Amino acid sequence: MIIMTEQELFRFKKVEELKELGVNPFGERFDRTHLSKQIHDEFSKYTKEELEQINKTVIVAGRIVLKRVQGKAGFITLQDRDGRIQIYVRFNDVGEFSFNLFKHSDLGDIIGIEGHLFRTKTNELTVWAKEYTHLTKALRPLPDKWGGLQDIEEARRRRYVDLIVNEKAREIAILRPKIIRSFQRYLDNRGFIEVETPILQGILGGASARPFVTYHNTLDMNFYLRIATELHLKRLIVGGLEKVYEIGRLFRNEGMSSKHNPEFTTVEAYQAYTDMEGMMELTENLLSSVTKDVLGTYDITYQDKEISLKPPFRRVTMCDAIKKETDINFKEVTSLEEAKLLANEYDINVEKHFGIGHIIEAFFDKYVEPNIVEPTFIYEYPIEISPLAKKNKKNPRFTDRFELFIDSREYANAFSELNDPIDQKERFEAQLKERELGNEEASEMDVDFVEALEYGMPPTGGVGIGIDRFVMLLADAASIRDVILFPHMRHK
Numbered sequence: 156m157i158i159m160t161e162q163e164l165f166r167f168k169k170v171e172e173l174k175e176l177g178v179n180p181f182g183e184r185f186d187r188t189h190l191s192k193q194i195h196d197e198f199s200k201y202t203k204e205e206l207e208q209i210n211k212t213v214i215v216a217g218r219i220v221l222k223r224v225q226g227k228a229g230f231i232t233l234q235d236r237d238g239r240i241q242i243y244v245r246f247n248d249v250g251e252f253s254f255n256l257f258k259h260s261d262l263g264d265i266i267g268i269e270g271h272l273f274r275t276k277t278n279e280l281t282v283w284a285k286e287y288t289h290l291t292k293a294l295r296p297l298p299d300k301w302g303g304l305q306d307i308e309e310a311r312r313r314r315y316v317d318l319i320v321n322e323k324a325r326e327i328a329i330l331r332p333k334i335i336r337s338f339q340r341y342l343d344n345r346g347f348i349e350v351e352t353p354i355l356q357g358i359l360g361g362a363s364a365r366p367f368v369t370y371h372n373t374l375d376m377n378f379y380l381r382i383a384t385e386l387h388l389k390r391l392i393v394g395g396l397e398k399v400y401e402i403g404r405l406f407r408n409e410g411m412s413s414k415h416n417p418e419f420t421t422v423e424a425y426q427a428y429t430d431m432e433g434m435m436e437l438t439e440n441l442l443s444s445v446t447k448d449v450l451g452t453y454d455i456t457y458q459d460k461e462i463s464l465k466p467p468f469r470r471v472t473m474c475d476a477i478k479k480e481t482d483i484n485f486k487e488v489t490s491l492e493e494a495k496l497l498a499n500e501y502d503i504n505v506e507k508h509f510g511i512g513h514i515i516e517a518f519f520d521k522y523v524e525p526n527i528v529e530p531t532f533i534y535e536y537p538i539e540i541s542p543l544a545k546k547n548k549k550n551p552r553f554t555d556r557f558e559l560f561i562d563s564r565e566y567a568n569a570f571s572e573l574n575d576p577i578d579q580k581e582r583f584e585a586q587l588k589e590r591e592l593g594n595e596e597a598s599e600m601d602v603d604f605v606e607a608l609e610y611g612m613p614p615t616g617g618v619g620i621g622i623d624r625f626v627m628l629l630a631d632a633a634s635i636r637d638v639i640l641f642p643h644m645r646h647k
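Just add 155 to the spot in the sequence shown (first one is 1) and you have this note's numbering.
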């Protein structure tokens, strides 16, 4: 049984009172002429006397977030999508009926106002109401104006309330699509074709991750929610589209944290006739361009750290980065036994399926990644953890792959794409052996993809960038859940 608070009961009673007055508690269309920000931007420059001369009429609508009544007059602070504007309501101007609606309104109610602009004695730009229209009755009270939603988890769970009371949440909601559109413009302007690939996939591949599994009744077969868009995009390179990208959702059935949400958004881009170096240039220019486009500067503050996204970004190999922190040169470590001894000495857990490359990655994760602040390309990844990347010509134990790290987080993953179908088939077979040894994140054999490569894929570079994390960076948000409007949450 739902138990209502005294305030909620009082508000439900007001619904009936509105109906008795002939007022629809949940009203009809209301056409406005201005948002609050438009008014401030356009008219803040005018003095009290100039506003009187202009006598500008505006029509606004929004939610009551502050209200005070003194006798036959009062003030409202009205909040819309873009900000707030003060409203002055007087009995003599709106009439007895509308003034009573104003007096009996509650915080959270949605109203429409028509009036002219003026300045109060305190010089605040205000709308002097001539028409007052009730639009929507709020049946639940807003959180306390000083406390807001103190429980962060509750704010994320009830984002609709968080957006009402938290200006930062609204700013992020508006910033995110601006960032995505900036990504699109940059790639479109450089000849990339935006495409769509399947979300339901019959074969697991394109990344190392645990998938969500679903079932198709008509086809009588299991499907995975995609963990990457890579293999389908590379099929399009084989087909001759040459420069393609996709912005879309990926799904990984793994742990949740301030950096991970099971459902997240990436941009993946592939370009024929380039390589890892070309992808480095594309990545640093893309991210710096989006930052400048959206924020007007390359320099940001993230969680009290000053970071510059002005290119070029720092570049260092994975082995050199590990050597700097531990004095171990893994380019000279060629036996698994030696690598395991080093792992034991440095308190690295070695799983059953680990090869030397997995141990190198574990060293990097523990001793290097936490210390990176400025944008840094880490490149030359071990072949064992890079099944879709080309071998490095100088040292085939490693690949032409990089990841971009900023403030201890990975933001991009890219490589010179493997276009040798024979080598690719062998890599898939090695992944199958890892699955047999317990690596649930290893890829499956994608015969159709190997067949596509057999038709010939030109030398190609590819990159995947996490959009959610990049929004976090530009919005100075501590958690990925703060930049996803409806993140996945545990049950209460």
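Note that beta-carbon positions come from the ideal geometry of N, C-alpha and C, so glycine has one too. All figures in this text were calculated on a predicted structure; none of them were measured in a lab.
query                                                                                                                                                                           : result
Using DSSP with H/G/I as helix, E/B as strand and the rest coil, what is Thr-438?                                                                                               : helix
Write down the C-beta distance between Ile-533 and Glu-558 rounded to the nearest angstrom, noting that I regard them as a contact closer than 8 Å.                             : 5 Å
If we ignore side chains and look at the alpha-carbon of each, how far apart do Ile-620 and Thr-281 end up?                                                                     : 45 Å
Between Glu-524 and Phe-560, which are expected to be in contact by the criterion C-beta below 8 Å, what is the C-beta distance as a whole number of angstroms?                 : 6 Å
Any idea if Tyr-400 is buried or exposed, counting beta-carbon neighbours within 10 angstroms, 16 or more meaning buried?                                                       : buried
Roughly how many whole angstroms lie between the Cα atoms of Trp-301 and Arg-239?                                                                                               : Interpretation of Trp-301 is limited by its pLDDT of 46, a score under 50 that renders its predicted location unreliable; the figure taken from the coordinates is listed afterwards. Cα-Cα distance, rounded: 17 Å.
In the region 515-598, which residue ranges form an unbroken alpha helix (DSSP H) of at least 4 residues, counting only runs that do not cross its ends?                        : 576-591
Can the beta-carbon of Ser-571 be found closer than 8 Å to that of Gly-360?                                                                                                     : no
Just curious, the beta strand (DSSP E) that Ala-284 is in, first and last residue?                                                                                              : 280-291
List in chain order: all unbroken beta strand (DSSP E) runs of 3+ residues lying wholly within the region 346-375.                                                              : 368-371
Straight-line CA distance for Thr-384 to Tyr-370?                                                                                                                               : 20 Å
Report, in whole angstroms, the separation of the C-beta atoms of Ile-392 and Tyr-425, which I expect to be a contact under 8 Å.                                                : 5 Å
What is the DSSP secondary structure of Trp-301, reduced to helix, strand or coil?                                                                                              : Its pLDDT being 46, under 50, Trp-301 is placed unreliably by the model, and nothing is read from it.
Terminal residues of the continuous beta strand (DSSP E) containing Gln-208?                                                                                                    : Counting along the chain, Gln-208 falls outside any beta strand (DSSP E), though it belongs to the alpha helix (DSSP H) covering 203-209.
Return helix, strand or coil for Thr-489, following the three-state DSSP convention.                                                                                            : coil
Taking its Cβ as the centre, do 16 or more other Cβ atoms sit within 10 Å of Ile-622, making it buried, or is it exposed?                                                       : buried
Relative to the C-alpha of Ile-358, which residue among Val-638, Asn-377 and Glu-349 is closest?                                                                                : Asn-377
I need the DSSP call for Ala-427, collapsed to helix, strand or coil.                                                                                                           : strand
Is DSSP giving Phe-378 helix, strand or coil here?                                                                                                                              : strand
Leaving aside the five residues before and after Asp-317 along the sequence, list all residues of the same chain whose C-beta is less than 8 Å from its C-beta, in chain order. : Leu-304, Ala-310, Arg-311 and Ala-324
May I ask you to report which of helix, strand or coil DSSP gives Ala-216?                                                                                                      : strand
Quick one: what's got a C-beta closer than 7 Å to Leu-640's C-beta in the same chain, skipping five residues either side?                                                       : Arg-314 and Ala-328
Find the nearest neighbour of Phe-338 within the set Glu-161, Met-159, Pro-551 and Thr-438, judged by alpha-carbon distance.                                                    : Thr-438
Which two residues bound the contiguous beta strand (DSSP E) that contains Lys-169?                                                                                             : Per DSSP, Lys-169 belongs to no beta strand (DSSP E); it is in the alpha helix (DSSP H), 161-175.
Rank His-415, Tyr-522, Leu-396 and Asp-637 by C-alpha distance to the C-alpha of Tyr-501 and give the top, closest one.                                                         : Tyr-522
I'd like to know whether the C-beta atoms of Ile-538 and Phe-553 end up nearer to each other than 8 Å.                                                                          : yes
Determine the direct distance from the alpha carbon of Phe-604 to that of Arg-624, and round the result to whole angstroms.                                                     : 30 Å
Quick one, are the C-beta atoms of Glu-535 and Asn-547 less than 8 Å apart?                                                                                                     : yes
With Ile-334 as the anchor, note down where its alpha helix (DSSP H) starts and where it stops.                                                                                 : 322-344
Here's a check: name, in chain order, each residue in its chain whose Cβ is nearer than 6 Å to the Cβ of Ala-216, leaving out the five neighbours to either side.               : Phe-185, Arg-187 and Gly-267
How close, in whole Å, do the beta carbons of Leu-464 and Leu-442 come, if the pair is a contact with beta carbons under 8 Å?                                                   : 6 Å
Name the one or two DSSP bridge partners that Gly-611 has.                                                                                                                      : None; Gly-611 has no bridge partner.
Helix, strand or coil: which one does DSSP assign to Ala-632?                                                                                                                   : coil
CA-CA distance, Phe-509 and Leu-573?                                                                                                                                            : 22 Å
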